[in-house]
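Using the numbering used here, the letters of the sequence shown map in sequence onto residues 3 to 101.
Glycine included, C-beta positions come from ideal geometry on N, C-alpha and C.
Given the structure is predicted, the values throughout are model-derived calculations rather than measurements.
Reviewing the structure listed below.
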Amino acid sequence: MRKSYDTAFKVKVAIEAAKEQETLQELAARFEVSPGQISQWKRQLLEGAGELFERPNKKQKRERDTEADRDQLLQTVGKLTVENEFLKKKYRELYGSEF
Numbered sequence: 003m004r005k006s007y008d009t010a011f012k013v014k015v016a017i018e019a020a021k022e023q024e025t026l027q028e029l030a031a032r033f034e035v036s037p038g039q040i041s042q043w044k045r046q047l048l049e050g051a052g053e054l055f056e057r058p059n060k061k062q063k064r065e066r067d068t069e070a071d072r073d074q075l076l077q078t079v080g081k082l083t084v085e086n087e088f089l090k091k092k093y094r095e096l097y098g099s100e101f
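Okay, structure coming up:
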């Protein structure tokens, strides 16, 4: 059966690992978690730490830009689908069968 850990526990273990005052094996024994799991939580902590100091508006702008790009791509896909169906219809009208 897999164990489930809450966020506060993961943060606590990851911070202890980031301090590097104890080895992974010592931390694993102390917190009863595998060393690989501790390494993963530490990496996630260090990779995500930069977002803590990002201005909220900057993040929202990035999300809006991503949403706008997604909407543009969906519009393009829709347009190309309509064009493709039109061309298939015209091809059938001209040549009497599909490809």
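For the alpha helix (DSSP H) containing residue i, list its first residue and its last residue.
{"i": "Ser41", "result": "Pro37 to Leu54"}
{"i": "Thr9", "result": "Thr9 to Lys21"}
{"i": "Arg32", "result": "Leu26 to Phe33"}
Would residue i be called buried (16 or more neighbouring beta carbons within 10 Å of its own) or exposed?
{"i": "Val15", "result": "buried"}
{"i": "Ala30", "result": "buried"}
{"i": "Ile40", "result": "buried"}
Note down, in chain order, each residue of its chain lying with its Cβ closer than 6 angstroms to the Cβ of residue i, except the 5 sequence neighbours on either side.
{"i": "Thr25", "result": "none"}
Report the residue from the options whose alpha carbon sits nearest the alpha carbon of residue i.
{"i": "Trp43", "options": "Gln62, Leu82, Ala19 and Glu34", "result": "Ala19"}
{"i": "Ala51", "options": "Val13, Tyr7 and Asp67", "result": "Val13"}
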